[in-house]
Amino acid sequence: MSAVHLDGVSLWRRTQEEHTFDLKRRLFALIQMKYQRPPRRRVLDGVSLRVERGEKLGIIGANGSGKSTILKVICGILEPTVGRVETRGAIAPLIELGAGFDPDLPVDENIVLYGVLLGRSRQEMRAKTGEILRFAELEEYRSSPVRVLSSGMAARLGFAIATDTNPDILILDEVLAVGDESFRNKSRRRIEALWRDHVTVLVVSHELQFVRDSCTSAIWMDGGRIRSAGPSAYVVDQYQQSVETSAADRLERAKARLA
Amino acid sequence: MPRMRRFWDLLTVLTDRTLKARYRGSFLGVYWSLLNPVTMTVVYTAIFGFQFRKYYDGSMLHYALVVFVGLSVFIFFAQSTSQALPSVVVNSGLANKIRLPAVLFPLSTISAYSVQLAIGTLPVFAVISVFETHQPWRLLLLPFPLIGLVLLAAGVSFLVSTAYVFFRDIPHIWELVTFLAWVASPVFYPAEIVSPKILHILYFNPLFPTIESLRQIIVGTQLPDVSLVGASLFNGIVACAIGYAVFGGLRRQFMDLI
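Protein chains in written order, with my numbering: chain X, 29 to 287; chain C, 154 to 411.
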């Protein structure tokens, strides 16, 4: 049984720029019979994907190719317009650390708040607060508001909370390296430990070398479709070739124009 | 069951966050919420009390208490709904990163105000009722119109927070609507002074049964009318059902617009 299974997933999203958030204007448009169905854009196009338990999948591709959208569909934040999404086990999203913090609440209350948002129970988080503070090296800030933490400290706290769990599926949008050098080593070790476990990892990254080395397999997203899938080295090579070719093409064309 | 449990945990932490944000560092805490209706009651009584007391057994105090009850109900409704109105949009950062039931955002606002209602306003209502009527059994009825009120506010907040996702000019309209509802609620004036034709329209005000039944329980010389209590609960349940249906029906479109 796969950990993640996407079957023919397509997603149309409304384009926000063209939406008028103005009731008066919409009413006038209705009266003048000018109302149109909102324009939609296809951001995922027939994506089928199977990720086995314990697999580490790297997702690569240009900006706007649908990488993060795939993660959101897997997390259940977005629902596919067509197709099916099946996941097995607890999903831990590690998307932009600290998104759930309330700057005015004290650190210990934020730990409970963030942990519950990420899917754990209040009791569990209260029991773990000390441990998390220790890992983040923020014990003396227990009752200060998060507002007074430096951005590095806040990132450390976010990392400590989010990784202090035993997820079945770990979702990473860009690899995490937070804090100063010593904390960076510590966080890397924790990520590596999660990696070694039988956790399924899905990671979006622009660091091709990292994807090649650390992931078992990869997909290359292009215009909302999977352009290529397979072992990570194979997919990264293909992607690099294509990027280099198109860069070379552009260079050629530029030269031709100049000549 | 784990889903219910998770929903409850989420609602608790989000409610807690809202309450703490509101009362940080204030030693009166939740009791600040009484300041607003008390001050306004003093002002209304000073201005209208002399003329209107004849409709309230000739007693300025009765007029003041009636105004206080009506104001507390109305302020709860107006504040909680206008605060819940932008809640879905305001929390878009969170909703875009973590899978959460969107209904939590308006609901946690309403529940924060309900906590305030339960520990700030309800005891005051209870004390007034006992002193005024000397009939402690009336306290048994007291929670029901308040539950109706909370349900009504929740239902309306589902509607307005949905509307705000699509139309960002809703707050201006909502301000006008609540002001109209304020004038159309016989809170600071006796219903008797309104012409019977207009009075029929006022009965459509969904806050009317709540305010009227609370007034009867707390201040009235007449016995509380149980059908009014029922009407208050009924309004709340209907509002909640409609609000939740609309919210749920359009929820799928939220993520593209926030």
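C-beta: ideal position from N, C-alpha, C; glycine also.
Assumed close pair residue i, residue j - CB separation to whole angstroms, cut-off 8 Å
i: P362/C; j: L381/C; result: 5 Å
i: P259/C; j: A237/C; result: 4 Å
i: L133/X; j: R170/C; result: 6 Å
i: F278/C; j: V219/C; result: In fact, because the Cβ distance is near 12 Å, the residues do not count as touching under 8 Å.
i: V144/X; j: L410/C; result: 26 Å between Cβ atoms; not a contact.
i: T192/C; j: V309/C; result: Not confirmed; about 25 Å, so no contact.
i: M249/X; j: R240/X; result: Their Cβ separation, rounded to whole angstroms, is 16 Å, which puts M249/X and R240/X out of contact at 8 Å.
i: P108/X; j: L39/X; result: 5 Å
i: F205/C; j: Y356/C; result: Actually they are not in contact, since the Cβ atoms of F205/C and Y356/C sit about 20 Å apart, beyond 8 Å.
i: S385/C; j: F297/C; result: 7 Å
i: A306/C; j: F229/C; result: 7 Å
i: I364/C; j: S338/C; result: 6 Å
Residues bridged to residue i (per DSSP)
i: R252/C; result: Its beta-bridge partners do not exist; DSSP assigns none.
i: D201/X; result: V232/X
i: D120/X; result: Note on identity: in this sequence residue 120/X is Ala, with Asp being the wrong assignment. According to DSSP, which records beta bridges pairwise, A120/X is partnered with L198/X.
i: G143/X; result: The partner list for G143/X (beta bridge, DSSP) is empty, contrary to what the question assumes.
i: A257/X; result: I247/X
i: K52/X; result: For K52/X, which the question treats as bridged, DSSP gives no partner whatsoever.
i: E114/X; result: H33/X
i: K84/X; result: V229/X
i: P15/X; result: Past the edges of chain X, shown from 29 to 287, lies residue 15/X, and the structure says nothing about it.
i: L381/C; result: Looking at the DSSP assignment, L381/C forms no beta bridge with any residue, so it has no partner.
i: G89/X; result: M249/X
i: W40/X; result: R70/X
i: R78/X; result: H33/X
Alpha carbon of residue i to alpha carbon of residue j, nearest angstrom
i: T244/X; j: I199/X; result: 15 Å
i: L367/C; j: A398/C; result: 29 Å
i: V37/X; j: R116/X; result: 17 Å
i: L253/C; j: G211/C; result: 54 Å
i: I263/C; j: I87/X; result: 41 Å
i: L167/C; j: Y142/X; result: 10 Å
i: F387/C; j: A199/C; result: 35 Å
i: T228/X; j: K84/X; result: 6 Å
i: L294/C; j: Y197/C; result: 27 Å
i: E285/C; j: V391/C; result: 32 Å
i: I189/X; j: A31/X; result: 23 Å
i: L275/C; j: G128/X; result: 33 Å
i: V340/C; j: V183/C; result: 23 Å
i: W290/C; j: R54/X; result: 53 Å
i: T97/X; j: E280/X; result: 33 Å
i: L247/C; j: L146/X; result: 11 Å
i: G389/C; j: L187/C; result: 23 Å
i: F163/X; j: I119/X; result: 22 Å
i: F56/X; j: I346/C; result: 39 Å
i: R278/X; j: H234/X; result: 21 Å
i: I326/C; j: A316/C; result: 11 Å
i: F407/C; j: S76/X; result: 25 Å
i: F203/C; j: Q60/X; result: 53 Å
i: P121/X; j: F187/X; result: 11 Å
i: M181/X; j: I300/C; result: 44 Å
i: Q269/X; j: L230/X; result: 23 Å
i: P239/C; j: G396/C; result: 15 Å
i: P131/X; j: R177/C; result: 12 Å
i: R159/C; j: V174/X; result: 25 Å
What are the residues of the region 182 to 216 of chain X that lie near chain C, defined by any Cβ-Cβ distance shorter than 8 Å?
none
Are the region 66 to 84 of chain X and the region 143 to 161 of chain X touching, with three or more C-beta to C-beta distances below 8 Å?
no
Positions along the region 96 to 117 of chain X whose CB lies within less than 7 Å of some CB in chain C
C103, G104, I105, L106, E107
Do three or more CB pairs link the region 229 to 247 of chain X to the region 73 to 85 of chain X at distances below 8 Å?
yes
Listed in chain order, which residues of the region 239 to 265 of chain X have Cβ atoms closer than 8 Å to some Cβ of chain C?
none
Beta carbons nearer than 7 Å to chain C: which residues of the region 149 to 181 of chain X have them?
S149, R150
Determine, using beta-carbon pairs with one atom in the region 210 to 226 of chain X and one in the region 183 to 202 of chain X, whether at least three such pairs fall under 8 Å.
yes
Please name the residues in the region 386 to 407 of chain C whose beta-carbon is closer than 9 Å to at least one beta-carbon of chain B, in chain order.
The structure shown contains no chain B; its protein chains are X and C.
Any C-beta of chain X within less than 9 Å: which residues of the region 332 to 366 of chain C qualify?
none
Looking at chain X, which residues of the region 238 to 254 of chain C have a Cβ within less than 9 Å of any of its Cβ atoms?
G246, L247, A248, N249, K250, I251, R252, L253
Pair every Cβ in the region 49 to 60 of chain X with every Cβ in the region 304 to 322 of chain C, then say whether three or more of these pairs are closer than 8 Å.
yes
Say whether the region 261 to 273 of chain X touches the region 101 to 117 of chain X, bearing in mind that this needs 3 or more beta-carbon pairs closer than 8 Å, one atom from each stretch.
no
Using Cβ-Cβ distances below 7 Å, what residues of the region 68 to 89 of chain X are close to chain C?
none
Would you call the region 263 to 272 of chain C in contact with the region 243 to 250 of chain C, where contact means no fewer than 3 C-beta pairs closer than 8 Å?
no
Output, in sequence order along the chain, the residues in the region 132 to 149 of chain X whose CB is closer than 8 Å to any CB in chain C.
D132, L133, E137, V140, L141, V144, L145, L146, G147, S149
At a Cβ cut of 8 Å, what residues of the region 48 to 62 of chain X count as close to chain C, listed as they run along the chain?
F49, D50, L51, K52, R54
Can you list, in chain order, the residues of the region 205 to 231 of chain C whose Cβ is nearer than 9 Å to any Cβ on chain X?
So the list is empty, because no residue satisfies the distance condition.
At a Cβ cut of 7 Å, what residues of the region 174 to 204 of chain C count as close to chain X, listed as they run along the chain?
Against chain X - using a Cβ distance shorter than 7 Å - the residues of the region 174 to 204 of chain C are A174, R177.
Of the residues that make up the region 294 to 309 of chain C, which ones have a beta carbon closer than 8 Å to any beta carbon in chain X?
none
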